[in-house]
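**Q** Chains as they are written, first to last, in our numbering: chain A, 639 to 739; chain B, 601 to 1305. Glycine included, C-beta positions come from ideal geometry on N, C-alpha and C. Dumping the structure here so I can ask a few things about it.
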């Protein structure tokens, strides 16, 4: 897994690429926690995610739930088919974290 | 995955394969046993699942095809039959080969083809080879109307273990498999997922409810959760059947339903529940039961839940245990030396050290027992293997043989069990090949067509006696004697007892097989069996009656590592007798000595026993003391008197095996290192007896000239 940060039109875009599974969730949590705690705006790009599992889905849901409570729900720019499949497998929907196709 | 993970899987898979063989052989006896069929399915399912985790793809493919067939059996659509059992056994063998990286692609493809063929023909309602025919008594198919089970509704709650991710399981794939069993609607509970800052990303906070419409059985659905069932909460409710069960604990509690509907926070329910008094307290308040009774019931409850939660044990590399036993052995030697030094100190009136030494002695004894116990395994595991041997050989030879095993719980040192394997296989093969007659021959002699081989184990003192008994033709002692004479193993005019004649089969170069068969005539004779048992410090006895059967008894010491010995001395040498073999010790007067010197026999109790002087055997030429000592040693009823200079006392000793070149030295079974560092030989009663026989015969032959 790799997380690349780019600033586009004043907002940080975090792109997660490669596998996003239980082996990577700790690193992802650490990286994202800074943004959540500072309350700054950011956009998440999940278009290049490879393998994705339930632990990753859980992390994304917690992220969405927390940012929504802060009044600024995280924006998801794109989502790879593997991430969508991981949601659907467990009876969830990408819409549950505010992602609309 | 890591190397060690794969290694662990291999070990586990080997155990599963042994179980699989057991279960399928059970099914051969009781083809309709539902528990065994379920067990079989679970084993294959587990093999497939864990194999996939470690990338044994070919094996997984084979296991998958086998699983498909067994699933159909499980649904009651076909019966277990002999060809199916053979197919399962062959597949099992190839699964094993694949795990050991030695599978034969051609055989595997053929097996997969056969399994697929069986599956498709079962689904088409026709079976190759064996058309359904009731007169045959072995219908493959169960009547049409029972074939198609109706779909049923299941309500499934799945609360995975918090650590489920960490053990490498993704509930997502479990759910995917569940969904593949029918029409599935999923309700996911996300309420427990904490806010981001409090999230431990490796914990699982999800839980699920499913409604599943499926034709599969409840057991099959349960198997989906096989890898997570240990710590997860899984409730499967089958509508229609489970509803009648009034005691069903699966009905959700009121609080659960409220939480589920989102009417109340789970924390609130927990709060209220905490305020509520416990049933025990309420009962005590009402005076219905005494507090102590409640306490004891609570203890029982705790014990039961502890029992449920406890694991079977941990896996330890057997080399580590061997190392531990070696170290304990050294400790025992050091302890003996300490004791010896302390005795010398006593002469200098040193005090207090003895209490400490006694403590060390007690601890090292306990430690020794503990370490040895770790290596003890029930022999039943080995017995299980022979079911397959018996089945395959009897089929090959067209014989009907039943194997009965008894005393499988008897424990022996792991190293001994391993070394017993080959001799036992050989003896069982012999029983099948030469002992039990073909069914027609048995019927002609008014005996049941099915022969029986009984394999049993039992403790007898410091020994375990393993008996292989068959109800076959028995041994023809005359034929054995004739052959031994022909092979010049004995001279024709020798007077031999029945026992001695039977034991001739252990002579190197003796083989009763006129026509060498593929099964037991492999050039490995009974002499190899005897040598192996001897090297274990054990002994063999044969009982046989012509026309009634044969039984072979193997006496095997419980352990090879340490024995309790009796230290004796002759001149400046010391020897160790096995304490378990010592029957009696006494002094001998000159008068008795004179009397026995000529005959080498000693009147003992009601009989006469042979007598040996260690001084003579080991050719120690100094003058003996005025009063020599006698130790009577023996195994079972065979006794021998051993004359030594002095009997020193008990000694716990670590057995050190001797080099191979001493294998044929009668009377010496091993050696040990004494406290002062000198080496003492450990003497064996049976071997000493053998030595006297040989010696006597030599003398007789000499006189005869």
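Who are the Cβ neighbours of residue 653/A in its own chain at under 6 Å, not counting the five residues just before and after it?
**A** As a first step, residue 653/A must be located in the first chain, where it is residue number 15. Excluding positions up to five away in sequence, the list reads 642 and 683.
**Q** Find the residues of chain B that neighbour residue 675/A, judging by a C-beta separation of less than 9 Å, and give them in chain order.
**A** What you label residue 675/A is simply residue 37 of the first chain in a count that begins at 1. In chain order: 796 and 797.
**Q** Residue 613/B and residue 647/B look like a contact to me (Cβ under 8 Å); what is the Cβ gap, rounded to whole Å?
**A** Taking the first residue of the second chain as position 1, residue 613/B is located at position 13. Taking the first residue of the second chain as position 1, residue 647/B is located at position 47. Confirmed, Cβ separation roughly 6 Å.
**Q** Return helix, strand or coil for residue 752/B, following the three-state DSSP convention.
**A** Counted from its first residue, the second chain places residue 752/B at position 152. Strand, per DSSP.
**Q** Can you tell which of 1204/B, 1179/B, 701/B and 929/B has the C-alpha that lies nearest to the C-alpha of residue 1188/B?
**A** Taking the second chain and counting its residues from 1, one reaches residue 1188/B at position 588. Here the closest residue by C-alpha is 1204/B.
**Q** Considering only the beta carbon of each residue, do residue 687/A and residue 725/A sit closer than 7 Å?
**A** For the purposes of this step, residue 687/A is identified with residue 49 of the first chain, where counting begins at 1. For the purposes of this step, residue 725/A is identified with residue 87 of the first chain, where counting begins at 1. Cβ atoms of residue 687/A and residue 725/A: not closer than 7 Å.
**Q** Is it true that the CB of residue 1251/B sits closer than 7 Å to the CB of residue 1165/B?
**A** For the purposes of this step, residue 1165/B is taken as residue 565 along the second chain, with counting starting at 1. For the purposes of this step, residue 1251/B is taken as residue 651 along the second chain, with counting starting at 1. For residue 1165/B and residue 1251/B, yes; Cβs fall inside 7 Å.
**Q** Just the Cα atoms here: how many angstroms apart are residue 795/B and residue 765/B?
**A** If you number the second chain from 1, residue 795/B lands on position 195. If you number the second chain from 1, residue 765/B lands on position 165. Using only the alpha carbons, I get a separation of about 19 Å.
**Q** Pairing CB atoms from the region 1172-1181 of chain B with CB atoms from the region 1071-1087 of chain B, are three or more of them under 8 Å?
**A** no
**Q** Beta carbons nearer than 7 Å to chain A: which residues of the region 756-782 of chain B have them?
**A** 765, 770, 771, 772, 775 and 776
**Q** Which chain B residues sit within Cβ distance under 8 Å of residue 724/A?
**A** What you label residue 724/A is simply residue 86 of the first chain in a count that begins at 1. In chain order: 772.
**Q** Below 8 Å on the Cβ atoms is my contact criterion, and I expect residue 735/A with residue 702/A to pass it. Report the Cβ-Cβ distance as a whole number of Å.
**A** Translated into positions along the first chain, residue 735/A becomes position 97. Translated into positions along the first chain, residue 702/A becomes position 64. The Cβ separation is near 4 Å, so the contact holds.
**Q** So residue 836/B and residue 822/B are supposed to be a Cβ contact under 8 Å. How far apart are they, rounded?
**A** Taking the second chain and counting its residues from 1, the one referred to as residue 836/B is at position 236. Taking the second chain and counting its residues from 1, the one referred to as residue 822/B is at position 222. Contact flag correct, Cβ pair sits at about 6 Å.
**Q** Taking only the alpha-carbon atoms, compute the straight-line gap between residue 1177/B and residue 997/B and give it to the nearest angstrom.
**A** Numbered from 1 along the second chain, position 577 holds the residue referred to as residue 1177/B. Numbered from 1 along the second chain, position 397 holds the residue referred to as residue 997/B. Going by the C-alpha atoms only, they are around 47 Å apart.
**Q** Considering only the alpha carbon of each residue, which of 804/B, 778/B, 788/B and 780/B lies closest to residue 1315/B?
**A** Past the boundaries of the shown model lies residue 1315/B; chain B is included only from 601 to 1305, so the question cannot be answered.
**Q** In terms of alpha-carbon separation, which member of 690/A, 685/A, 667/A and 715/A lies closest to residue 649/A?
**A** Sequence index remark: in the first chain, residue 649/A carries index 11 (1-based). For the residues 690/A, 685/A, 667/A and 715/A, the minimum Cα distance to residue 649/A belongs to 715/A.
**Q** Any contact between the region 1202-1219 of chain B and the region 1230-1245 of chain B? By contact I mean 3 or more CB pairs, one from each, below 8 Å.
**A** yes
**Q** Taking its Cβ as the centre, do 16 or more other Cβ atoms sit within 10 Å of residue 735/B, making it buried, or is it exposed?
**A** As a working mapping, residue 735/B is identified with position 135 in the second chain. Summary for residue 735/B: the model assigns pLDDT 40, below 50, so the residue's position carries little reliability; its value from the coordinates is reported in the next sentence. By the neighbour-count rule (16 or more Cβ atoms within 10 Å), residue 735/B is not buried but exposed.
**Q** Taking one C-beta from the region 983-997 of chain B and one from the region 612-631 of chain B each time, how about it: are there three or more such pairs within less than 8 Å?
**A** At 8 Å Cβ cutoff, the stretches touch.
**Q** Going by beta carbon distance, what residues of the same chain come within less than 7 Å of residue 1256/B, once the five residues before and after it are set aside?
**A** Within the second chain, numbered from 1, the residue matching residue 1256/B stands at position 656. Closer than 7 Å at the Cβ level, and outside the excluded window around residue 1256/B, lie 1270, 1271, 1272 and 1273.
**Q** Would residue 1054/B and residue 1037/B be called neighbours here (beta carbons separated by less than 7 Å)?
**A** The count along the second chain starts at 1 and reaches residue 1054/B at position 454. The count along the second chain starts at 1 and reaches residue 1037/B at position 437. Not a contact, by the Cβ cut-off of 7 Å.
**Q** Just the C-alpha distance for residue 1002/B and residue 987/B, rounded to the nearest angstrom, thanks.
**A** Residue mapping note: residue 1002/B aligns to position 402 of the second chain, counting from 1. Residue mapping note: residue 987/B aligns to position 387 of the second chain, counting from 1. Going from the Cα of residue 1002/B to the Cα of residue 987/B covers about 9 Å.
**Q** Should residue 1134/B be listed as close to the ligand MN, given that the test is whether its C-beta is under 6 Å from any heavy atom?
**A** Only the bare structure without any ligand can be found here, which leaves the ligand MN out of the picture.
**Q** With a CB to CB cut of under 7 Å and the five nearest residues on each side skipped, what residues in its chain are close to residue 703/B?
**A** Along the second chain, one-based indexing puts residue 703/B at 103. If we look at residue 703/B and ignore the five residues flanking it on each side, its Cβ neighbours are 658, 694 and 697.
**Q** Looking at the unbroken alpha helix (DSSP H) that takes in residue 997/B, where does it start and where does it end?
**A** Counting from one through the second chain, the residue named residue 997/B turns up at place 397. Run containing residue 997/B: 980-997, per the alpha helix (DSSP H) assignment.
**Q** Between the region 691-722 of chain B and chain A, which residues of the former have a C-beta closer than 8 Å to a C-beta of the latter?
**A** Residues are counted here when their Cβ sits less than 8 Å from a Cβ of chain A; for the region 691-722 of chain B the count is zero.
**Q** Rounded to whole angstroms, how far is the Cβ of residue 1035/B from the Cβ of residue 1073/B, which I believe are closer than 8 Å?
**A** As a working mapping, residue 1035/B is identified with position 435 in the second chain. As a working mapping, residue 1073/B is identified with position 473 in the second chain. Residue 1073/B and residue 1035/B do touch by the CB rule: their CB atoms are close to 6 Å apart, below 8 Å.
**Q** Go ahead and pull the three-state DSSP assignment for residue 806/B.
**A** By one-based count along the second chain, residue 806/B stands at place 206. Looking at residue 806/B - three-state DSSP - the assignment turns out to be coil, as it is neither helix nor strand.
**Q** Please report the straight-line C-alpha distance between residue 985/B and residue 709/B, rounded to a whole angstrom.
**A** Here the question's residue 985/B lines up with position 385 in the second chain. Here the question's residue 709/B lines up with position 109 in the second chain. Distance between the alpha carbons of residue 985/B and residue 709/B: 26 Å.
**Q** So what does DSSP say about residue 1064/B, is it helix, strand or coil?
**A** Your numbering for residue 1064/B matches position 464 in the second chain. The answer is strand: DSSP assigns residue 1064/B an E or B state.
**Q** In terms of DSSP beta bridges, what is residue 642/A paired with?
**A** By 1-based counting over the first chain, the position of residue 642/A is 4. Residue pairing by DSSP puts residue 642/A in a beta bridge opposite 653/A.
**Q** For the beta strand (DSSP E) holding residue 1141/B, just list the boundary residues, first then last.
**A** The residue you call residue 1141/B lines up with position 541 of the second chain. Per DSSP, residue 1141/B belongs to the beta strand (DSSP E) from 1139-1145.
**Q** Please report the residue range of the alpha helix (DSSP H) in which residue 968/B lies.
**A** Residue mapping note: residue 968/B aligns to position 368 of the second chain, counting from 1. Counting along the chain, the alpha helix (DSSP H) containing residue 968/B begins and ends at 953-974.
**Q** At which residue ranges does the region 1188-1268 of chain B contain complete alpha helix (DSSP H) runs of 4 or more residues, listed in the order of the chain?
**A** 1190-1199 and 1214-1217
**Q** Starting from the beta carbon of residue 738/A, find every residue of chain B whose beta carbon is closer than 7 Å, and list them in chain order.
**A** Here residue 738/A corresponds to residue number 100 of the first chain, with the count starting at 1. Going along chain B, no residue has its Cβ under 7 Å from residue 738/A, so there is no contact; the nearest lies around 19 Å.
**Q** Could you check whether the region 1050-1067 of chain B touches the region 1020-1031 of chain B, counting it as contact only if at least three pairs of C-beta atoms, one from each stretch, sit closer than 8 Å?
**A** yes
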